[in-house]
Ligand SMILES: Cc1cc2nc3c(=O)[nH]c(=O)nc-3n(C[C@H](O)[C@H](O)[C@H](O)COP(=O)(O)OP(=O)(O)OC[C@H]3O[C@@H](n4cnc5c(N)ncnc54)[C@H](O)[C@@H]3O)c2cc1C
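In the working numbering, the protein residues as written are 26 to 436.
Right, dumping it as structure tokens:
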């Protein structure tokens, strides 16, 4: 029995099903996907919190047919609003040919780029017979802010990197383990992230389709008592129970420590007119950041299927916390600055939906232990991104790892 049909629960159930086990998945919500859901509003697709699928994630292999998702790629790099105006900055690992352009357009001192190279040295050094995690394991555990300081990364590149990573890691204090930040940068160098033609929810739906008839939605689990699951007034006895909910719910159901989580709010707007952005994310690289937005984009430039023909879809994401709830007006004003749109014009953007996701990601501060135990004993297991890394990759790895642990127990 698997509780929760997010990516981790679905991946776990699929591996067990393929291993010949009889699996049922109980999901509280009205559809599968967990944190990966897509709303269709007036013909626009709005994911519940802006996120991207990186086709380079190794855990996709063997369970996801990426081609069938028809990914629509974002461009590699970002457009940063600098103190001197907007500048396009290429990803130094993905587009090394554009490094001179990057230097010419926004970075005043070549030393800034050398410092970034110092920070990324473990990734840039040839690694015969060593995996990336082996390279990173050999290093001292530091937060990303400490690691960037030590490497001497400053100036515009530091501001852009900090702002870009704030949008990916959902923290702007630099507290995330540097090793994890490096892995992410490596992933962005290996694959160009994008959005599936039918929305991000197409990803979990693809896994669920292979579990036909075994996933019950609208079935919230109230309690897990040994290997008996209580849902809707019925007690379901099982040989093993996998709690694949988010971290906070798992804490309630099986008593694992609740992870500290990080939140984000994404606002989606429809517009008749918006600048052509070439499918790039926009970030604020100014010395004084002008508002709460960590990234924004004209999403339909990269993913035309997200908007009806002739219309444009914009998103802006900002960090969300108990003392930090950005207003829509502030987010709109900051986005208009980042995209270079006069506020009078931005005032015409129509809010489609605003998604507040308070538990979007588990915090991953240094020291970094990516792999947490999943076997709680007595036939109970726990899986989800909070057991591995807070990402699509982490959720899939966790599901597969937990299925292996269940199989080892049940034989
Ligand atoms: C806004 C946002 C942006 C993100 N951006 C990215 C990105 O760009 N790249 C990336 O790799 N990752 C990103 N992530 C992270 C990624 O989406 C998650 O790590 C992953 O989806 C987590 O999957 P999961 O299965 O572990 O948990 P969840 O998706 O949370 O699944 C848990 C499931 O359990 C169900 N459940 C909870 N309680 C019960 C109960 N009592 N009974 C039954 N069911 C229950 C829930 O309804 C849910 O369906 C982002 C996440 C968010 C929210």
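Ideal placement from N, C-alpha and C gives every residue a C-beta, glycine not left out. Please read these numbers as outputs of a predicted model, since none were measured by experiment.
Assign residue 414 to buried or exposed, taking buried as 16 or more other Cβ atoms, counted over all protein chains shown, within 10 Å of its Cβ.
Walking along the chain shown from the start, residue 414 turns up at place 389. Flag for residue 414 reads buried.
Beta carbon of residue 41: closer than 7 Å to some heavy atom of ligand 1?
In the chain shown, residue 41 corresponds to position 16, counting from 1. No, ligand 1 has no heavy atom inside 7 Å of this Cβ.
Is residue 410 a contact residue of ligand 1, with contact defined as CB to any heavy atom under 7 Å?
By 1-based counting over the chain shown, the position of residue 410 is 385. Yes, since a heavy atom of ligand 1 falls inside the 7 Å radius drawn around the Cβ of residue 410.
For the alpha helix (DSSP H) that residue 37 lies in, which residues bound it at each end?
Walking along the chain shown from the start, residue 37 turns up at place 12. Its alpha helix (DSSP H) spans residues 32-43.
What three-state label does DSSP hand residue 69 in the structure shown?
For the purposes of this step, residue 69 is taken as residue 44 along the chain shown, with counting starting at 1. In this structure, DSSP gives residue 69 an extended state, which the three-state scheme calls strand.
Here's the rule I'm using: 16 or more other beta-carbon atoms within 10 Å means buried, otherwise exposed. How should residue 380 be labelled?
Translated into the one-based positions of the chain shown, residue 380 becomes position 355. Its Cβ being crowded by 16 or more others within 10 Å, residue 380 is buried.
Quick one: complete alpha helix (DSSP H) runs, 4+ long, within the region 322-393?
324-327, 353-364, 368-371
Buried or exposed: where does residue 137 fall if 16 or more other Cβ atoms within 10 Å of its Cβ makes it buried?
Stepping through the chain shown from its first residue, residue 137 is reached at position 112. Burial call: buried.
Considering residue 2, what are the terminal residues of the alpha helix (DSSP H) in which it resides?
Absent from the model: residue 2. The displayed extent of the chain is 26 to 436, so no value can be given.
If I'm right that residue 386 touches residue 286 with Cβ under 8 Å, what's the distance once you round it to whole angstroms?
Locating residue 386 in the chain shown gives position 361, counting from the first residue. Locating residue 286 in the chain shown gives position 261, counting from the first residue. Confirmed, about 7 Å.
Taking the beta strand (DSSP E) that residue 230 falls in, what are its first and last residues?
For this step, residue 230 is matched to residue 205 along the chain shown. Taken as a continuous stretch (DSSP letters only), residue 230 belongs to no beta strand (DSSP E), being part of the alpha helix (DSSP H) at 227-234.
Give the straight-line distance between the Cα atoms of residue 32 and residue 261, rounded to the nearest whole angstrom.
Residue numbering aside, residue 32 sits at position 7 when the chain shown is read from its first letter. Residue numbering aside, residue 261 sits at position 236 when the chain shown is read from its first letter. Distance between the alpha carbons of residue 32 and residue 261: 23 Å.
Confirm the yes/no value for this check: CB of residue 274, any heavy atom of ligand 1, distance under 7 Å.
Mapped onto the chain shown, residue 274 falls at position 249. Yes, the beta carbon of residue 274 sits closer than 7 Å to at least one heavy atom of ligand 1.
If you reduce the DSSP assignment to three classes, tell me which class residue 192 lands in.
The sequence position of residue 192 within the chain shown is 167, counting from 1. Helix.
Skipping 5 residues on each side, what residues in its chain have a beta carbon closer than 7 Å to that of residue 363?
Within the chain shown, numbered from 1, the residue matching residue 363 stands at position 338. 106, 307, 309, 318, 321.
Between the beta-carbon of residue 266 and the beta-carbon of residue 26, is there less than 8 Å?
On the chain shown, position 241 is the one that residue 266 refers to. On the chain shown, position 1 is the one that residue 26 refers to. Their beta carbons are under 8 Å apart, which means residue 266 touches residue 26 by this criterion.
Report back the beta-carbon spacing between residue 70 and residue 331 to the nearest angstrom; my notes put them in contact at under 8 Å.
By one-based count along the chain shown, residue 70 stands at place 45. By one-based count along the chain shown, residue 331 stands at place 306. Right, the Cβ-Cβ distance comes to about 4 Å (below 8 Å), so this counts as a contact.
Count the CB pairs spanning the region 340-356 and the region 248-255 that are closer than 8 Å, and state whether there are at least three.
Taking a contact to require three or more Cβ pairs closer than 8 Å, the region 340-356 and the region 248-255 do not qualify as touching.
Alpha carbon to alpha carbon, what distance is there between residue 100 and residue 145?
The residue given as residue 145 occupies position 120 in the chain shown. The residue given as residue 100 occupies position 75 in the chain shown. Looking at the two C-alpha atoms, the distance is approximately 21 Å.
Can we say the region 36-55 touches the region 175-194, given the rule of at least three CB pairs closer than 8 Å?
Contact between the region 36-55 and the region 175-194 is not established, with fewer than three Cβ pairs separated by less than 8 Å.
Could you spell out the range, first to last residue, of the alpha helix (DSSP H) harbouring residue 427?
By one-based count along the chain shown, residue 427 stands at place 402. 417-435 is the span of the alpha helix (DSSP H), which, as asked, contains residue 427.
For the structure I just gave you, are there three or more beta carbon pairs, one from the region 57-73 and one from the region 228-247, closer than 8 Å?
Yes, the region 57-73 touches the region 228-247.
Output the distance between the C-alpha atoms of residue 412 and residue 73, rounded to the nearest integer angstrom.
As a position in the chain shown, residue 412 is number 387, starting the count at 1. As a position in the chain shown, residue 73 is number 48, starting the count at 1. Near 22 Å, if we compare the C-alpha coordinates of residue 73 and residue 412.
May I ask which residues mark the beginning and end of the beta strand (DSSP E) holding residue 268?
Within the chain shown, the letter at position 243 stands for residue 268. Here the beta strand (DSSP E) through residue 268 covers 266-268.
Which residue wins for smallest C-alpha separation from residue 142, given the options 203, 177, 170, 113?
Start at 1 with the first residue of the chain shown, and residue 142 comes out as number 117. Minimum Cα-Cα distance from residue 142 among the listed residues 203, 177, 170, 113 corresponds to 177.
Kindly indicate the opening and closing residues of the alpha helix (DSSP H) around residue 281.
Stepping through the chain shown from its first residue, residue 281 is reached at position 256. Per DSSP, residue 281 lies in no alpha helix (DSSP H) and is assigned neither H nor E.
Between the C-alpha atoms of residue 355 and residue 292, what's the straight-line distance to the nearest angstrom?
Taking the first residue of the chain shown as position 1, residue 355 is located at position 330. Taking the first residue of the chain shown as position 1, residue 292 is located at position 267. In this model, residue 355 and residue 292 are separated by some 11 Å (Cα to Cα).
Compute the minimum distance between the beta carbon of residue 89 and the heavy atoms of ligand 1, and state whether it is under 7 Å.
Taking the chain shown and counting its residues from 1, one reaches residue 89 at position 64. No - ligand 1 has no heavy atom lying nearer than 7 Å to the Cβ of residue 89.
Is it the case that the region 343-353 contacts the region 214-229, given that we only count it when at least three CB pairs across the two stretches are under 8 Å?
Two segments are said to touch when three or more pairs of C-beta atoms, one from each, lie closer than 8 Å; by this definition the region 214-229 does not touch the region 343-353.
For residue 84, I'd like the list of residues in its chain whose CB is within less than 6 Å of its CB, leaving aside the five on either flank, ordered along the chain.
Taking the first residue of the chain shown as 1, we reach residue 84 at position 59. Here the set comprises 418, 421, 422.
Please name the residue or residues paired with residue 51 in a DSSP beta bridge.
The sequence position of residue 51 within the chain shown is 26, counting from 1. Partner(s): 28, 241.
Got a sec? Which residues, its chain only, sit under 8 Å from residue 90 by beta carbon, not counting five neighbours each side?
The sequence position of residue 90 within the chain shown is 65, counting from 1. Cβ neighbours of residue 90 beyond the five flanking positions: 231.
May I ask whether a heavy atom of ligand 1 can be found less than 7 Å away from the beta carbon of residue 60?
Working through the chain shown from its first residue, we reach residue 60 at position 35. With a cut-off of 7 Å, the C-beta of residue 60 is classified as near ligand 1, since at least one heavy atom of the ligand falls inside that distance.
Tell me where the beta strand (DSSP E) around residue 407 begins and ends.
Here residue 407 is taken as the residue at index 382 of the chain shown, counted from 1. It spans 405-407 - the beta strand (DSSP E) in which residue 407 sits, taken as one unbroken run.
Please state the DSSP three-state secondary structure of residue 204.
For the purposes of this step, residue 204 is taken as residue 179 along the chain shown, with counting starting at 1. Note: residue 204 maps to helix in three-state DSSP.
Decide if residue 302 is buried, meaning its Cβ has at least 16 other Cβ atoms within 10 Å, or exposed.
Looking up residue 302 in the chain shown gives position 277. Under this definition residue 302 is a buried residue.
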